[in-house]
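Below you'll find the structure, written out as structure tokens, and then a few comments.
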Amino acid sequence: TKMIENPFKYGQIVSGNYFTDREKEIEEIKLDLLSGQNLIIYSPRRYGKTSLILKVLRELRKRKVICIYIDLFKVFSKLRFAEVYSAGIAREISTKRKDFLQVLRDILPSIIPKVTVKGDNLPTFEIEYVRKEVDVDRLLSRLYEQPQIIASKRKKRVVVVFDEFQEVRNISQGEIEKELRSAVQHHQDVAYVFMGSKRHLIDLLFFNKKEPLYLIGKHLPLGKIPAQNLSKFISQRFAFTGINIKQDKIQFILDVTQCHPYYTQALCHEIWNLALGSKNVTSENIKSAIAQLIFREAYAYTTIWDSLTAKQQSFLFALTKEKEAKVLSKDFVNRYNLESTSTVQKIVKSLVKREIIERINNSYSIRDLFFAEWIKREI
């Protein structure tokens, strides 16, 4: 007999049936990009925005749009940015190694990079430029022009996606943003998508009048998935593999995960493993699954906790007690003896920077829901 596969996936890019409902956003993004609208897409990490945009790009490619996807998460220098960007362009418009090198020669006639081919059936190309031969700024300014050149040559619309765009802040003092602005403004047949997961940096890059990319596109924040959609998704995925789950159990799961896509998939993945024998999800299964997920991360959580000051610990403890806390109110400061409002401001600033907490609307919450759960249990 065929092994039944766990129908919930997390911690990786998902597609197909594993992809939780985002139909409305997919349609909106597709329409915007087809009409040449630039977008700024923000969501906290693990909200599934990469899975979402890759799904959009797959659908746009069927409509003969040339889609260039660049992940800046691993970019640590301007040279690395140039390598990742040129590989992204060449990969999209060539399938064979020979064509790939030809494309690179067209883009950058004077520089022949070292190209590594990885994987057999669907090769991916990695590019490395030799440091001393390269004038990085000149190389980049040629690259910025390529999407429009390709669009004109091939008479097609081009879409360029920069994932984790806020990382450019670490590698340039605003030069990349300035150059991009002037390119983006003149590219009639190219739509750009700037995606990011660090709210304070995205705000700084796109919503600050002094910055070159100020309001460069339409702002599209990705929220949590509505409870009823997520509820339907959970029920269908369990039913699909012959496991029965009642509505009150689904509600229990969503109360814990607060409709966060990643944590919902993670928790359901563990619950499914536990319920496989009995074909029925019980409250015990859910509690055991939560305990398991916390236990698995306990070492990491302890390490984070130990690295915090006593005041930061008190503040996090307070956040687990109150959902929509007014953290700068006198009342909150006194209730958890946090000294003063200015102390809380400092704590908030440092914890946001370390990505331990995040601001959603006007309140703050602990980013990792299971870390919050760990604090509740252990502290």
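Residue numbering for the sequence shown follows this note's numbering, beginning at 47 and increasing consecutively. For every residue, glycine included, the Cβ atom is placed at its ideal position computed from N, Cα and C. Quick caveat: nothing in here was measured; it's all calculated off a predicted structure.
- Proximity of the segment 284-304 to the segment 100-113 falls short of the contact definition, fewer than three beta-carbon pairs being nearer than 8 Å.
- Met49 and Phe279 have their C-alpha atoms spaced approximately 22 Å apart.
- Around the beta carbon of Asp209, a 10 Å sphere encloses 16 or more other beta carbons of the protein chains shown; the residue is thus reported as buried.
- At a Cβ-Cβ threshold of 7 Å, Phe378 and Ala371 count as neighbours.
- Of the other Cβ atoms in all chains shown, fewer than 16 fall within 10 Å of the Cβ of Tyr345; this residue is therefore exposed.
- The criterion of a C-beta distance shorter than 7 Å is satisfied by Arg215 and Leu247.
- Under the 8 Å Cβ criterion, the segment 117-130 counts as touching the segment 214-234, having at least three qualifying pairs.
- Annotation note: the segment 318-395 contains the following uninterrupted alpha helix (DSSP H) runs of length 4 or greater, listed N- to C-terminal: 329-352, 356-367, 376-381.
- With respect to the C-alpha of Val390, the residue from Val373, Glu368, Val230, Thr303 having the closest C-alpha is Val373.
- Membership of Tyr115 in the beta strand (DSSP E) is indicated by the continuous run 112-117.
- Taking all protein chains in view, the Cβ of Leu261 is surrounded by fewer than 16 other Cβ atoms within 10 Å, so the residue is classified as exposed.
- Per the Cβ contact rule, the segment 327-347 is in contact with the segment 293-302 (3 or more Cβ pairs under 8 Å).
- In the DSSP assignment, Lys264 is bridged to Leu85.
- Distance between Val239 and Asn383, taken at the CA atoms: about 44 Å.
- Taking the Cα positions, Ser97 is about 11 Å away from Tyr308.
- The Cβ atoms of Arg203 and Asp152 lie no closer than 7 Å to each other.
- Arg405 is the residue among Ala418, Phe417, Arg405, Arg68 whose C-alpha sits nearest the C-alpha of Ser243.
- For Glu71, no beta strand (DSSP E) encloses it; the enclosing alpha helix (DSSP H) starts and ends at 69-80.
- Within 10 angstroms of the beta-carbon of Pro267 lie fewer than 16 other beta-carbons, which makes it exposed.
- Listed in chain order, the non-local C-beta contacts of His232 below 8 Å within the same chain comprise Gln194, local neighbours out to five positions each way being set aside.
- The DSSP assignment places 221-232, 245-252 as complete runs of the alpha helix (DSSP H) inside the segment 217-281, in order along the chain (cut-off: 4 residues).
- Within its own chain, the residues whose Cβ lies closer than 8 Å to the Cβ of Ser277, once the five positions on either side in sequence are excluded, are Gln293, Ile296, Gln297, Leu300, listed in chain order.
- Within its own chain, the residues whose Cβ lies closer than 7 Å to the Cβ of Ser218, once the five positions on either side in sequence are excluded, are Lys124, listed in chain order.
- If you ignore the 5 residues before and after Gly134, its C-beta comes within less than 7 Å of the C-beta of Ile114, Tyr115, Ile116, all in its own chain and listed in chain order.
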